Amino acid sequence: MKSLQRLYSSGSALMLTYFVFIIAVGSVLLALPQATPQSGGMRYIDALFTATSAACVTGLITVNTAALSRFGQTVIMTLIQAGGLGIIAFSTIYLVIPVSRISLRSSSIIQQYYIDQVDFNPRRIVRSILVFTFTVQAIGAVMLYGSFSRSEVDAPLFAALFHAVSAFCNAGFSTFADSLERFVFDHDVTLTIVLLIVVGGIGFVVLQDVLAKLRDRRRRLALHTRVVLLATAGFIFIGTVLFLALERGSGVFAEMTSVQAGMAALFQSVTPRTAGFNTVAQNELSPSAILLTTTLMFSGGAPGSVAGGIKVTTVLIILAAAILGTDENGDLQLGRRRIPARVVSKAHGLLVKALLIVVISSMLIAISEHSLIREGTALKTLLFEVVSAFGTVGLSLGITHLLSDAGKVVIICTMFAGRVGLISLAMPRQRARGERLIGYPTGEVLIG
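Right, here's the structure in full:
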C-alpha cells in the first residue's frame, strides 16, 4: 500500500496516469460505430492513434476528421481540451479534495506547467486558468463563426467552436478535409487562428505577467516573460521572412499577391510551433522550406503552455550559452540577469533527451516502414513525420494514413513521449536523504 502511495505521490506518475486514462477512454469511444457511421467503425489501432493524437494535442490522423460523425468530432474536441489543459485539468480534480493544505509535490506539479507561484492560493490560480482558457476560446469561436457563416460551412457554429479549441490548444485538428487550405486567402480566419495559436503557445505565466504589467506600469516584467516574448517574436519574424524568401520566387507563394504571400508565410511560420494547421500543402514546399518547418517543429513554443517541442527558452539558452559562453560557475549572463548553471544544464539535458527520442523513433519507423521506403518514400519524409509527432505538431507530408500498424505504434509512442515523457524527464529527481549527505571527489574529463 505504501509503495502504491509513493508511486502516486510522484508528479510523473500522476501525469502519466491522467493521460493514459483519457487516451484509453477516448480510443474506446472513437472505436464505436457511432463515431464513423459511414464505415461502421474504425479499427482500434486507428482509434488509439487518433485518441493519442488528440489528447497529446498533435493533429496527426490516419482517418480524416471530416469523415467522422458529430459524435466522433465531439469526442476529439473533448480530448483536445482535456489534453490541452493537461495537468491543470487533473490538478483541478486533485485540488478539490478537501485537504487542509496542498502538498509540496502538488504545488511543484502545477508550477512545472503553468504558474510561477502557487503557494498562496493554488485553487484560485487553477480557476483563473480555466476561466481564461474558456474565455479566449469563446472569443475565438465568435470571430470564426462570422467567417464560417459567410463561407457556407456546414454547421458553422460547431466548426467555429471546434477550431477555436483546436487552435488555442495548438492541436491542429480540423473538421475540414483539407485543413484550412480553403481559407488561405481569408485573412479573418487565418489571423484569428494565428492569434489563438500564439496565445495558447505563450503560456499562462507570461500572459498573467503581461496583464499585471498593463495594470501597473511601474511593474517590471519577469525575465521569463521577456525571454519568451523575445524568442516568440523572433521565431515568428525570422520564420516569416525565410518562408517568403524560400517560396516567393518559384514556390507555393509564387502566384500570390504580396499581401497574400505575406499572410501565408506568417501562418506557415506560426503553425509549426506547434499547431499543425496548414493553409498550403506541406508536400508542395521546397526542400529548404521543409527543413525550416522541421526546425520550427522541434523548437516548439513556450514552457507552461499547451505547445510541444523542446521550447523556445531552451533553444535561446542553449544558443546563448554556445555563443556567449558561461562563467567559471557555469552561469549564463543574459542582459543584466544571471541564468543559474542548473538551468543551463537542464536546457542541454532536455535537448539531448529530445534528440534521443527523435533518433530512436526515426530508426524504428525506418525499420517498420521498409516497404514504403522501397516504394519510393524518402527517409526525410518519415523523419518529418517523427519530428511532427515528437513536437506534437500534426503537420505531415501526406504519409500518415499509409503507415503500417507497427509504424502507427511508433508514432503513437513518439506523440506520447513528446507530450508527456519529455516533461516527465524534466521534472527534478528527488534524491534519497542519504544521497544528499554523500560528497564525491571531482573528476576531470576532456571535452571537444
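Our numbering puts the sequence shown at residues 52 to 499.
For every residue, glycine included, the Cβ atom is placed at its ideal position computed from N, Cα and C.
From a predicted model like this one, the values you see are computed outputs, not experimental measurements.
Residue i, buried or exposed, once every other Cβ within 10 Å from all chains shown has been counted against 16
{"i": "residue 221", "result": "buried"}
{"i": "residue 250", "result": "buried"}
{"i": "residue 298", "result": "buried"}
{"i": "residue 390", "result": "buried"}
{"i": "residue 340", "result": "buried"}
{"i": "residue 303", "result": "buried"}
{"i": "residue 255", "result": "buried"}
{"i": "residue 496", "result": "exposed"}
{"i": "residue 436", "result": "buried"}
{"i": "residue 494", "result": "exposed"}
{"i": "residue 409", "result": "buried"}
{"i": "residue 427", "result": "exposed"}
{"i": "residue 446", "result": "buried"}
{"i": "residue 423", "result": "buried"}
{"i": "residue 421", "result": "exposed"}
{"i": "residue 182", "result": "exposed"}
{"i": "residue 188", "result": "buried"}
{"i": "residue 186", "result": "exposed"}
Distance, residue j Cα to residue i Cα
{"i": "residue 74", "j": "residue 127", "result": "10 Å"}
{"i": "residue 76", "j": "residue 360", "result": "26 Å"}
{"i": "residue 121", "j": "residue 205", "result": "11 Å"}
{"i": "residue 419", "j": "residue 264", "result": "52 Å"}
{"i": "residue 518", "j": "residue 321", "result": "No information on residue 518 is available, as it lies outside the stretch 52 to 499 that the chain covers here."}
{"i": "residue 412", "j": "residue 461", "result": "7 Å"}
{"i": "residue 200", "j": "residue 191", "result": "14 Å"}
{"i": "residue 465", "j": "residue 267", "result": "43 Å"}
{"i": "residue 316", "j": "residue 194", "result": "22 Å"}
{"i": "residue 306", "j": "residue 71", "result": "46 Å"}
{"i": "residue 179", "j": "residue 253", "result": "16 Å"}
{"i": "residue 353", "j": "residue 283", "result": "8 Å"}
{"i": "residue 101", "j": "residue 386", "result": "44 Å"}
{"i": "residue 397", "j": "residue 196", "result": "43 Å"}
{"i": "residue 233", "j": "residue 314", "result": "14 Å"}
{"i": "residue 148", "j": "residue 136", "result": "Confidence at residue 148 is low in this model, with a pLDDT of 40, below 50, so the placement of that residue is unreliable and no value is reported for it."}
{"i": "residue 402", "j": "residue 384", "result": "20 Å"}
{"i": "residue 470", "j": "residue 324", "result": "13 Å"}
{"i": "residue 96", "j": "residue 68", "result": "20 Å"}
{"i": "residue 467", "j": "residue 404", "result": "14 Å"}
Residues that DSSP places opposite residue i in a beta bridge
{"i": "residue 384", "result": "389"}
Identity of the residue in the options nearest residue i by Cα
{"i": "residue 301", "options": "84, 338, 276, 237", "result": "338"}
{"i": "residue 443", "options": "97, 254, 228, 328", "result": "328"}
{"i": "residue 439", "options": "79, 110, 70, 69", "result": "110"}
{"i": "residue 363", "options": "287, 467, 296, 135", "result": "287"}
{"i": "residue 98", "options": "368, 463, 496", "result": "463"}
{"i": "residue 273", "options": "259, 367, 86", "result": "259"}
{"i": "residue 375", "options": "358, 357, 395, 178", "result": "395"}
{"i": "residue 64", "options": "494, 492, 496, 472", "result": "472"}
{"i": "residue 218", "options": "134, 306, 405", "result": "134"}
{"i": "residue 294", "options": "66, 305, 319, 130", "result": "319"}
{"i": "residue 392", "options": "494, 407, 372", "result": "372"}
{"i": "residue 131", "options": "108, 83, 323, 123", "result": "108"}
{"i": "residue 417", "options": "119, 79, 459", "result": "459"}
{"i": "residue 87", "options": "125, 69, 104, 66", "result": "125"}
{"i": "residue 203", "options": "227, 223, 182", "result": "227"}
{"i": "residue 334", "options": "405, 448, 223", "result": "448"}
{"i": "residue 94", "options": "82, 103, 245, 184", "result": "82"}
{"i": "residue 242", "options": "405, 441, 229, 214", "result": "214"}
{"i": "residue 89", "options": "262, 68, 69, 119", "result": "119"}
{"i": "residue 331", "options": "231, 257, 91, 224", "result": "231"}
{"i": "residue 368", "options": "289, 406, 281, 292", "result": "281"}
Minimum Cβ-Cβ distance from residue i to chain C less than 8 Å
{"i": "residue 283", "result": "Among the chains in the structure shown there is no chain C, since it carries only a single protein chain."}
Segment contact flag, the region 230 to 245 with the region 304 to 322, C-beta cutoff 8 Å, min 3 pairs: yes
Cβ contact (3+ pairs, closer than 8 Å) linking the region 344 to 354 and the region 428 to 440: yes
Given 8 Å, three or more beta-carbon pairs between the region 434 to 454 and the region 101 to 118: yes
The region 374 to 382 contacting the region 266 to 285, beta-carbon criterion three pairs below 8 Å: no
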